[in-house]
Amino acid sequence: PLNWYAGTFSALDWMRKFLLEGTFYHLWYFLAVLLGVPLVCLLRKLGTIPAFCAAGLLYLIGLGGDSYYGFLVASPAVHAFYKGVFTLFGYTRNGLFFAPLFLLLGMFCPKLNRKTGAVGFVASLTAMSVEALWLHGLGVQRHDSMYLLLPVCMLFLFGTLLAWNRGQSRPMRTCSMWVYIIHPWCIVAVRGAAKLCGVQVLL
1046 PLNWYAGTFS
1056 ALDWMRKFLL
1066 EGTFYHLWYF
1076 LAVLLGVPLV
1086 CLLRKLGTIP
1096 AFCAAGLLYL
1106 IGLGGDSYYG
1116 FLVASPAVHA
1126 FYKGVFTLFG
1136 YTRNGLFFAP
1146 LFLLLGMFCP
1156 KLNRKTGAVG
1166 FVASLTAMSV
1176 EALWLHGLGV
1186 QRHDSMYLLL
1196 PVCMLFLFGT
1206 LLAWNRGQSR
1216 PMRTCSMWVY
1226 IIHPWCIVAV
1236 RGAAKLCGVQ
1246 VLL
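Start counting at 1 in the sequence shown, then tack on 1045, and there's your number in our numbering.
Okay, structure coming up:
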């Protein structure tokens, strides 16, 4: 319904999104997991270190079609390669290039000391923000979902969360999932209410 509302609805485009990208901009995550999990299962048969190497290589390829795109497409061969990728996928932030590395990090991340994890996370997040601002300033990004320092940042975050883990709460897990799924509806509702009340500047 939101695709229809936004005027981006077409049967052919919708089928491609349904199978590969997600039918709305945030739903890519579900398809990425559906593709990423069996891919990780295959990679793990190679052993943990080869699996991480393969997933890291896939991530670097994805990075070239995302934040570092402008640096690489000057090469005709590389440009042709990514042109082929983008005939199938809208973004390299997907289950092939993006998801495997983070699924492996989630599976094998060590539990970090709380202080070490927190300091490492803040430092790597700061460094990643500098990286993002630098790339944005250069105007080389095709998209802005993948950075060199993102896996480092997530390694510290996962390790810190594991250190604070006190078990699982199914109601909270379900609640967070629904917040994730419906948040675009909330954006539309806020914009609609702002328009009706004449407070678009504020909201």
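The beta-carbon is built from N, C-alpha and C at its ideal position, and this holds for glycine as well. The structure displayed is predicted, hence computed values, not measured ones.
Below 8 Å, how does it come out for the stretch 1153–1172 and the stretch 1188–1206: are there three or more Cβ pairs, yes or no? With the cut-off at 8 Å, the stretch 1153–1172 and the stretch 1188–1206 touch.
Between the CA atoms of Arg1236 and Gly1092 - distance to the nearest angstrom: Whole-angstrom Cα-Cα distance: 50 Å.
What distance in whole Å lies between the Cβ atoms of Pro1145 and Leu1088, which are believed to be in contact at a cut-off of 8 Å? Their Cβ separation, rounded to whole angstroms, is 6 Å, which keeps Leu1088 and Pro1145 in contact under 8 Å.
Given 8 Å as the limit, is there contact between the stretch 1114–1131 and the stretch 1061–1069, that is, 3 or more CB pairs closer than that? No contact exists between the stretch 1114–1131 and the stretch 1061–1069.
Straight-line Cα distance separating Gly1162 from Pro1216: If you take the alpha carbons of Pro1216 and Gly1162, they lie about 27 Å apart.
How would you label Tyr1225, buried or exposed, when you count the other beta carbons within 10 angstroms and need 16 or more for buried? Looking at its Cβ environment, which holds fewer than 16 other Cβ atoms inside 10 Å, Tyr1225 is exposed.
Residues of its chain near Trp1073, where Cβ-Cβ distance is below 8 Å and the 5 sequence neighbours each way are ignored: Same-chain partners within the cutoff: Glu1066, Gly1067, Tyr1136, Arg1138 and Asn1139.
Taking the runs of the alpha helix (DSSP H) that are 4 residues or longer, which of them lie wholly in the stretch 1108–1138? DSSP runs (the alpha helix (DSSP H)) wholly in the stretch 1108–1138: 1114–1117 and 1121–1133.
Measure the beta-carbon distance from Ala1172 to Asp1189 and round it to whole angstroms, keeping in mind my assumption that it falls under 8 Å. Taking 8 Å as the upper bound for CB-CB distance, Ala1172 and Asp1189 are not in contact here, some 16 Å apart.
Residue environment, Ser1174, which counts as buried when at least 16 other CB atoms sit within 10 Å: Exposed, since its Cβ has fewer than 16 Cβ neighbours within 10 Å.
In three-state terms, what does DSSP make of Leu1064? Leu1064: helix per DSSP, three-state reduction.
Could you check what DSSP says for Cys1154 in three-state terms: helix, strand or coil? Residue state, collapsed to three classes: coil.
So, for Leu1195: in the same chain, excluding its five sequence neighbours on each side, which residues have a beta-carbon less than 7 Å away from its beta-carbon? Here the set comprises Met1173.
Would you kindly work out how many angstroms separate the C-alpha atoms of Gly1243 and Leu1148, rounded to a whole number? Taking the straight line from one Cα to the other gives about 45 Å.
Assign Tyr1050 to one of two classes, buried (16 or more other C-beta atoms within 10 Å of its C-beta) or exposed (fewer than that). Classified as exposed, Tyr1050 has fewer than 16 neighbouring CB atoms from the shown chains inside 10 Å of its CB.
For the candidate residues Phe1116, Leu1133 and Cys1198, whose alpha-carbon lies nearest to that of Trp1179? For Trp1179, the closest C-alpha among the options Phe1116, Leu1133 and Cys1198 is that of Phe1116.
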